[in-house]
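Taken in order, these protein sequences are the chains called A and B.
So the first sequence is numbered by numbering that gives the first Met the number 0: it starts at 0 and just counts up by one.
So the second sequence is numbered by numbering that gives the first Met the number 0: it starts at 0 and just counts up by one.
Even glycine gets a Cβ: it sits at the ideal position worked out from N, Cα and C.
One structure is given below, encoded as C-alpha cells.
Number of protein chains: 2
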Amino acid sequence: MEEIEFENRVKLARVEKGLTQEELANLAGVTRQTIGLIEAGKYNPTLKLCLSISQITGKGLDELFWIKKGLRI
Amino acid sequence: MEEIEFENRVKLARVEKGLTQEELANLAGVTRQTIGLIEAGKYNPTLKLCLSISQITGKGLDELFWIKKGLRI
DNA sequence: GCAAAATGTCAATAATATATTGCATTATGA
DNA sequence: TCATAATGCAATATATTATTGACATTTTGC
C-alpha cells in the first residue's frame, strides 16, 4: 500500500549510446516528449516501453529503474 | 518501432511467497483483477506496479519480466 | 556571437491501465 | 461430497500514459 517512488538512469544509458531523445523515441516507437518526461522522472511508463528502452540501450531493467530509498535521517 | 511482446514469472514468484492474487494485490495497492490479468499476460502494467511486485516478491525486474523471443524456425 | 540542434514545457486529445461490481468456474481441505 | 477459498471473466467507469503541435529555452559547434 506504500506509495512508491522510483528513479532512473535512462538519460545516462541513452547518452552512452550516442542517441538523442528523439532518436531513442523513434527506436522505441514513442514520441520525444514521452522520453523527455521519463528522463525527468515525471512519470510512470508502461512495462513494454521500459523493455524497449532496455533492449535499445543494452541495460537491464534493474540497471535502468529502481525504487527510491526514503532518505530518512 | 518493432512491436514488442513480453512474458513474466509473476505467478511463480507470488506462489513462492505463499501469497494469493488478492494478497499480492493488497500489498501492491491494486485490485485482484489487475494481478490476474498481468499473470495471464493480458496486459502491460506500469513501471510502478512492476517495482512493487518486484519488492514484494524479492525478485528483480529482469527475473520477473522479459521480452518474448520470436520463435523463428 | 550566431545558427542549428536538442531539450523543456504547455494544452488538447486519444489510447489504455486500473477500479469496481457481479457472477461463473476451478481448486482445496475437512 | 460439500463448503469455501481462489481464480477467471465481462461490462462499465475512471485515471493516467501517450500523442500531437507549437513555441520557449538551452546546448553545441562553427
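Do three or more CB pairs link the region 23-31 of chain A to the region 8-25 of chain B at distances below 8 angstroms? no
Excluding the five sequence neighbours on either side, which residues of its own chain have a C-beta within less than 6 angstroms of the C-beta of B:P44, listed in chain order? By 1-based counting over the second sequence, the position of residue 44 of chain B is 45. Hits under 6 angstroms: I37.
Suppose contacts are defined by Cβ-Cβ distances below 9 angstroms. Is B:L18 in contact with A:F64 by that definition? Position 19 of the second sequence, counted from the start, is the residue given in the question as residue 18 of chain B. Position 65 of the first sequence, counted from the start, is the residue given in the question as residue 64 of chain A. Contact flag unset, no.
Against chain A, does B:Q54 count as a neighbour if the rule is that its beta carbon must be under 9 angstroms from one of theirs? Mapped onto the second sequence, residue 54 of chain B falls at position 55. Yes, contact with chain A.
Please state whether DSSP places B:I77 in a helix, a strand or coil. Shown here, chain B extends from 0 to 72; a query on residue 77 of chain B therefore has no answer.
Contact list for the region 29-60 of chain B against chain A, Cβ threshold 7 angstroms: N43, P44, T45, L46, K47, C49, L50, S51, Q54, G59, L60
Assign B:T33 to one of three DSSP states: helix, strand, or coil. Looking up residue 33 of chain B in the second sequence gives position 34. Three-state DSSP puts B:T33 in a helix.
Nearest-angstrom Cα separation, counted from A:G57 out to B:K67: One-based indexing of the second sequence puts residue 67 of chain B at position 68. One-based indexing of the first sequence puts residue 57 of chain A at position 58. Cα-Cα distance, rounded: 16 angstroms.
What are the residues that DSSP puts in a beta bridge with B:T45? Walking along the second sequence from the start, residue 45 of chain B turns up at place 46. Answer is A:T45.
What would DSSP say about A:E4, mapped onto helix, strand or coil? Start at 1 with the first residue of the first sequence, and residue 4 of chain A comes out as number 5. Looking at A:E4 - three-state DSSP - the assignment turns out to be coil, as it is neither helix nor strand.
Whole angstroms is fine: what's the gap from A:S51's alpha carbon to B:E22's? To locate residue 51 of chain A, count along the first sequence from 1; it is residue 52. To locate residue 22 of chain B, count along the second sequence from 1; it is residue 23. So the two alpha carbons sit approximately 30 angstroms from each other.
In the structure shown, what three-state DSSP assignment does A:K10 receive? Looking up residue 10 of chain A in the first sequence gives position 11. A:K10 falls in the helix class under three-state DSSP.
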